[in-house]
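Engineer: Taken in order, the sequence shown gives residues 1 to 479; the numbers are from the working numbering. The beta carbon of each residue, even a glycine, is placed where N, CA and C say it ideally should be.
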Amino acid sequence: MLSSLLTGLVALSTIVAPPKLAVHAVRFYSPVAGQTSVLAFVQVPYSLAEVAGDRVAWKTTIQVQDGNGMTIYREELWRGAPAVMKQPGAYGIEPLQFALTTGGKYTIMATVQDSATGKTASAQTTVDAYGSMPMVSDLLLASSMRVAAEGDTAMAPGEVGRGKLRFVTAPELVLNGLSPALSFLVEVYSQKAVDVSTALEVRDSAGASIYSIPAFDQQIGEGGGVIRGTVPLDGLPEGGYVLRSTVTIGSQKIERDARFWVGSLEEALAREAGNRVADQLTDEGYFGSLSEDQLDRAADALELIASNRERSVYKASGEGRLSLAAKRKFLVDFWAQRDPDKSTEANEERINFYQAIDYANTAFAETGRSSRPGWKTDRGRVWARNGGAPSEVRSQPQSGRAPPYEIWRYTRGRMRYYVFADRNNLGAFTLMKSNDLKEPGNAAWIEIMTPEAVRDIGQFLGINLFETSPGSLLNTGTP
Numbered sequence: 001m002l003s004s005l006l007t008g009l010v011a012l013s014t015i016v017a018p019p020k021l022a023v024h025a026v027r028f029y030s031p032v033a034g035q036t037s038v039l040a041f042v043q044v045p046y047s048l049a050e051v052a053g054d055r056v057a058w059k060t061t062i063q064v065q066d067g068n069g070m071t072i073y074r075e076e077l078w079r080g081a082p083a084v085m086k087q088p089g090a091y092g093i094e095p096l097q098f099a100l101t102t103g104g105k106y107t108i109m110a111t112v113q114d115s116a117t118g119k120t121a122s123a124q125t126t127v128d129a130y131g132s133m134p135m136v137s138d139l140l141l142a143s144s145m146r147v148a149a150e151g152d153t154a155m156a157p158g159e160v161g162r163g164k165l166r167f168v169t170a171p172e173l174v175l176n177g178l179s180p181a182l183s184f185l186v187e188v189y190s191q192k193a194v195d196v197s198t199a200l201e202v203r204d205s206a207g208a209s210i211y212s213i214p215a216f217d218q219q220i221g222e223g224g225g226v227i228r229g230t231v232p233l234d235g236l237p238e239g240g241y242v243l244r245s246t247v248t249i250g251s252q253k254i255e256r257d258a259r260f261w262v263g264s265l266e267e268a269l270a271r272e273a274g275n276r277v278a279d280q281l282t283d284e285g286y287f288g289s290l291s292e293d294q295l296d297r298a299a300d301a302l303e304l305i306a307s308n309r310e311r312s313v314y315k316a317s318g319e320g321r322l323s324l325a326a327k328r329k330f331l332v333d334f335w336a337q338r339d340p341d342k343s344t345e346a347n348e349e350r351i352n353f354y355q356a357i358d359y360a361n362t363a364f365a366e367t368g369r370s371s372r373p374g375w376k377t378d379r380g381r382v383w384a385r386n387g388g389a390p391s392e393v394r395s396q397p398q399s400g401r402a403p404p405y406e407i408w409r410y411t412r413g414r415m416r417y418y419v420f421a422d423r424n425n426l427g428a429f430t431l432m433k434s435n436d437l438k439e440p441g442n443a444a445w446i447e448i449m450t451p452e453a454v455r456d457i458g459q460f461l462g463i464n465l466f467e468t469s470p471g472s473l474l475n476t477g478t479p
């Protein structure tokens with residue numbers, strides 16, 4: 001069995017009902033094992049759980065019973081999400097795969113219990129296991145579908161895998177109202193190679209045909225194969241529909257139906273907002289949404305916190321060069337090791353670090369001949385390494401021979417201070433002095449800053465900085 005938490009978000013509309021607790025099953029077949037292979041989905045609306053603190057949490061119990069009422073599978077899954085994810089239309093998906101060795105009717109039952117209140121909700125569906133090998137599987141619909149590259153084991157947010165295919169689906173599949181596109185999948189089973197013709201038809205909720213796709217031909221090899229594709233449905237109004245696939249093999253026509261919905265523009269915008277929130281929460285979602293160039297930039301910034309050995313793995317060339325999938329996995333694994341609270345979906349350490357990098361690039365970037373991104377400047381580096389803003393900042397304009405300077409003090413954990421100076425009066429501040437052993441500063445900082453400025457800095461920090469600067473030519477005064 002396979003189960004994991006996936007998330008989706010749709011908004012309420014007058015035509016598409018809000019998501020409810022639902023169970024849906026798609027039947028495939030394993031010719032080698034001679035058994036039915038079931039891919040099932042449990043849709044859990046976050047509205048079933050009450051907020052407790054900053055989270056919602058629930059327990060999902062999934063059972064599969066045969067026709068005699070005997071339980072052949074049972075699993076309890078404890079799930080949760082940040083409270084911010086409890087929005088109208090938000091839900092989680094639990095996918096599960098299992099095999100049925102004999103024909104007959106089976107029942108899949110799901111019960112969700114809110115951790116805060118103890119309230120429960122239940123849903124179920126029935127599955128008729130194949131008694132012998134069918135010619136065609138059930139029809140599976142998805143909002144997106146792709147073929148994974150060789151060696152790519154990563155899953156994007158919301159994806160489920162079957163073989164090399166990755167797709168996003170739900171018991172109540174609602175397509176994006178901005179650009180609705182419907183992906184479909186059926187499997188053909190045959191002991192010999194066959195020619196197959198497939199026609200598709202979209203019907204409305206009353207059963208009337210409103211859109212047809214001409215039949216297309218395909219050769220299926222010995223043992224069976226897959227028929228799949230994506231149908232653009234731009235202009236299809238909001239509402240409920242049925243996709244009918246008609247697969248013709250020789251003189252036999254096999255029809256399969258599956259329901260879907262097209263959401264409104266408001267739904268599409270809400271989903272995009274929800275996906276952005278979800279992508280920021282999990283490491284898999286965050287790095288799964290980045291291009292290779294963006295991944296490389298994310299890895300470059302790790303020079304602030306990663307070891308040389310770790311960085312050399314990512315930057316390897318030749319035979320050791322990482323593929324796109326391997327780069328994503330490296331970054332996911334890197335941050336998983338630094339996740340301060342693995343009981344939550346969000347990795348606060350990773351979120352804070354890259355937010356600090358983004359701010360540093362905005363606030364501290366240097367332009368001109370020696371331009372560089374903000375996180376590579378002294379102030380940007382310190383900002384990112386310390387997880388963001390200092391607890392206290394003092395800015396001092398130029399006075400006498402002393403250049404403009406800034407004092408940063410962090411009081412979270414061990415007190416750390418940093419003194420920066422704009423030596424050329426061009427806005428490029430460099431680190432002069434710090435008690436952070438990772439930041440050596442400038443050995444001649446007292447001469448550069450002048451003793452008067454050093455006394456003022458020491459008074460602000462409550463430290464005798466002359467005593468902490470051995471070897472200075474001017475380390476003789478009394479603060």
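Need the endpoints of the beta strand (DSSP E) that I213 sits in, please.
Structural biologist: Position 213 of the sequence shown, counting from 1, holds the residue named residue 213. Run containing I213: 209-220, per the beta strand (DSSP E) assignment.
Engineer: When you compare each of T60, R146, L322 to T120 by their alpha carbons, which one comes out closest?
Structural biologist: For the purposes of this step, residue 120 is taken as the residue at position 120 of the sequence shown. Selected option, being the one with the closest Cα: T60.
Engineer: Roughly how many whole angstroms lie between the Cα atoms of T102 and V26?
Structural biologist: Numbered from 1 along the sequence shown, position 102 holds the residue referred to as residue 102. Numbered from 1 along the sequence shown, position 26 holds the residue referred to as residue 26. Straight-line Cα distance between these residues: approximately 16 Å.
Engineer: Measure from the alpha carbon of P481 to the alpha carbon of each residue in L139, N424, M415, then state which is nearest.
Structural biologist: This structure cannot settle anything about residue 481, because the visible part of the chain is limited to 1 through 479.
Engineer: Helix, strand or coil for A363, going by three-state DSSP, please let me know.
Structural biologist: Along the sequence shown, read from residue 1 onward, the residue named residue 363 stands at position 363. Looking at A363 - three-state DSSP - the assignment turns out to be helix.
Engineer: Name, in chain order, the residues that DSSP records as bridge partners for G380.
Structural biologist: What you label residue 380 is simply residue 380 of the sequence shown in a count that begins at 1. For G380, no pairing in a beta bridge is given by DSSP.
Engineer: How is Y314 classed by DSSP in three states: helix, strand or coil?
Structural biologist: By one-based count along the sequence shown, residue 314 stands at place 314. Helix.
Engineer: In whole angstroms, give me the CA-to-CA distance for L77 and I463.
Structural biologist: Sequence index remark: in the sequence shown, residue 77 carries index 77 (1-based). Sequence index remark: in the sequence shown, residue 463 carries index 463 (1-based). Computed Cα separation, rounded: 54 Å.
Engineer: Under a three-way DSSP split, which group does E187 fall into?
Structural biologist: As a working mapping, residue 187 is identified with position 187 in the sequence shown. Strand at E187.
Engineer: For G320, which of helix, strand or coil comes out of DSSP?
Structural biologist: Residue mapping note: residue 320 aligns to position 320 of the sequence shown, counting from 1. DSSP, read as helix, strand or coil, puts G320 in helix.
Engineer: I need the DSSP call for K329, collapsed to helix, strand or coil.
Structural biologist: Looking up residue 329 in the sequence shown gives position 329. Of the three classes helix, strand and coil, the one that applies to K329 here is helix, per DSSP.
Engineer: For the alpha helix (DSSP H) that contains E284, what are its first and last residues?
Structural biologist: Position 284 of the sequence shown, counting from 1, holds the residue named residue 284. Segment 283-288, the alpha helix (DSSP H) holding E284.
Engineer: With a cut-off of 8 Å on the beta carbons, I'd call G288 and R328 a contact; round off their distance for me.
Structural biologist: If you number the sequence shown from 1, residue 288 lands on position 288. If you number the sequence shown from 1, residue 328 lands on position 328. Right, their Cβ atoms sit about 6 Å apart.
Engineer: In whole angstroms, what separates the C-alpha of A40 from that of R338?
Structural biologist: For the purposes of this step, residue 40 is taken as residue 40 along the sequence shown, with counting starting at 1. For the purposes of this step, residue 338 is taken as residue 338 along the sequence shown, with counting starting at 1. If I take the Cα positions, the gap works out to 34 Å.
Engineer: Would L185 be called buried (16 or more neighbouring beta carbons within 10 Å of its own) or exposed?
Structural biologist: Residue 185 sits at position 185 when you count from the first residue of the sequence shown. Looking at its Cβ environment, which holds 16 or more other Cβ atoms inside 10 Å, L185 is buried.
Engineer: Whole angstroms is fine: what's the gap from I220's alpha carbon to A181's?
Structural biologist: Along the sequence shown, one-based indexing puts residue 220 at 220. Along the sequence shown, one-based indexing puts residue 181 at 181. In a straight line, the C-alpha of I220 is about 25 Å away from that of A181.
Engineer: At the level of alpha carbons, what is the spacing between L140 and R146?
Structural biologist: The residue given as residue 140 occupies position 140 in the sequence shown. The residue given as residue 146 occupies position 146 in the sequence shown. Approximately 14 Å between the Cα atoms of the pair.
Engineer: Between which two residues does the beta strand (DSSP E) harbouring M432 extend?
Structural biologist: Along the sequence shown, one-based indexing puts residue 432 at 432. It spans 430-434 - the beta strand (DSSP E) in which M432 sits, taken as one unbroken run.
Engineer: Quick check on L426: buried or exposed, where buried means 16 or more other Cβ atoms within 10 Å of its Cβ?
Structural biologist: As a first step, residue 426 is located in the sequence shown; it is residue number 426 there, counting from the start. Around the beta carbon of L426, fewer than 16 other beta carbons sit within 10 angstroms, so the residue counts as exposed.
Engineer: Spatial neighbours of D128 within its chain, please: CB distance less than 7 Å, with the 5 preceding and 5 following residues excluded, ordered by chain position.
Structural biologist: On the sequence shown, residue 128 is found 128 positions in, with the first residue counted as 1. Cβ contact annotation for D128 (same chain, cutoff 7 Å, sequence separation greater than five): K105, in chain order.
Engineer: Which residues in the same chain have their Cβ closer than 8 Å to the Cβ of G53, if we skip the five residues on either side of it in sequence?
Structural biologist: Counting from 1 along the sequence shown, the entry for residue 53 is found at position 53. Cβ within range, chain order: A83.
Engineer: Going by beta carbon distance, what residues of the same chain come within less than 7 Å of P171, once the five residues before and after it are set aside?
Structural biologist: As a first step, residue 171 must be located in the sequence shown, where it is residue number 171. Closer than 7 Å at the Cβ level, and outside the excluded window around P171, lie A22, V23, H24, F41, Q43.
Engineer: Spell out a yes or no on whether the segment 389-396 and the segment 406-417 are touching, meaning 3 or more CB-CB pairs, one atom from each, closer than 8 Å.
Structural biologist: Yes: at least three Cβ pairs fall under 8 Å.
Engineer: Can you grab the Cα-Cα spacing for the pair F98 / Y73, in whole Å?
Structural biologist: For the purposes of this step, residue 98 is taken as residue 98 along the sequence shown, with counting starting at 1. For the purposes of this step, residue 73 is taken as residue 73 along the sequence shown, with counting starting at 1. Approximately 9 Å between the Cα atoms of the pair.
Engineer: Could you compute how far the alpha carbon of G471 sits from the alpha carbon of D300?
Structural biologist: Numbered from its first residue, the sequence shown carries residue 471 at position 471. Numbered from its first residue, the sequence shown carries residue 300 at position 300. Low local confidence applies: a pLDDT of 40 at G471 is under 50, so the model's placement there is unreliable, and no value is given.
Engineer: Exposed or buried, what is A11 when buried is set at 16 or more other beta-carbons lying within 10 Å of its beta-carbon?
Structural biologist: Translated into positions along the sequence shown, residue 11 becomes position 11. Any answer about A11 is weak, because its pLDDT of 36 lies below 50 and its placement is not dependable; what the coordinates show is given next. By the neighbour-count rule (16 or more Cβ atoms within 10 Å), A11 is buried.
Engineer: Using beta-carbon positions only, say whether K480 and V56 come within less than 7 Å of one another.
Structural biologist: No information on residue 480 is available, as it lies outside the stretch 1 to 479 that the chain covers here.
Engineer: Rounded to whole angstroms, what's the CA-CA distance from T478 to E452? Just pull it up for me.
Structural biologist: Mapped onto the sequence shown, residue 478 falls at position 478. Mapped onto the sequence shown, residue 452 falls at position 452. Confidence is the limiting factor: at T478 the pLDDT is only 36, short of 50, which leaves the residue's position unreliable and the question unanswerable from this model.
Engineer: So who's on the other strand from M109, going by DSSP bridges?
Structural biologist: Here the question's residue 109 lines up with position 109 in the sequence shown. For M109, which the question treats as bridged, DSSP gives the partners Q63, Q124.
Engineer: Could you say if the segment 354-365 and the segment 374-381 meet the contact criterion of at least three C-beta pairs nearer than 8 Å?
Structural biologist: yes
Engineer: Report all residues from its chain with a CB closer than 8 Å to the CB of V194; omit the five preceding and five following residues, and keep chain order.
Structural biologist: Indexing the sequence shown from 1 puts residue 194 at position 194. Result list for V194: V188, Q219, I220, I249, G250, in chain order.
Engineer: Which one or two residues does DSSP pair with E196 in a beta bridge?
Structural biologist: One-based indexing of the sequence shown puts residue 196 at position 196. According to the sequence provided, residue 196 is Val. The question's Glu does not apply to it. For V196, which the question treats as bridged, DSSP gives the partners Q218, I249.
Engineer: Let me check understanding here. Comparing Cα to Cα, which of D234, F260, G229 lies closest to L243?
Structural biologist: For the purposes of this step, residue 243 is taken as the residue at position 243 of the sequence shown. Comparing Cα positions, the closest option is F260.
Engineer: Looking at the secondary structure, which residues open and close the beta strand (DSSP E) in which I72 lies?
Structural biologist: Stepping through the sequence shown from its first residue, residue 72 is reached at position 72. Counting along the chain, the beta strand (DSSP E) containing I72 begins and ends at 71-82.
Engineer: Under 7 Å Cβ to Cβ from S137, same chain only, skipping five residues before and after it: list those, please.
Structural biologist: Stepping through the sequence shown from its first residue, residue 137 is reached at position 137. Non-local C-beta neighbours of S137 in its own chain, meaning closer than 7 Å and more than five positions away in sequence, comprise R27, F28, Y29, V186, E187, ordered along the chain.
Engineer: Measuring CB to CB, does I62 end up less than 7 Å from A123?
Structural biologist: As a first step, residue 62 is located in the sequence shown; it is residue number 62 there, counting from the start. As a first step, residue 123 is located in the sequence shown; it is residue number 123 there, counting from the start. Cβ atoms of I62 and A123: not closer than 7 Å.
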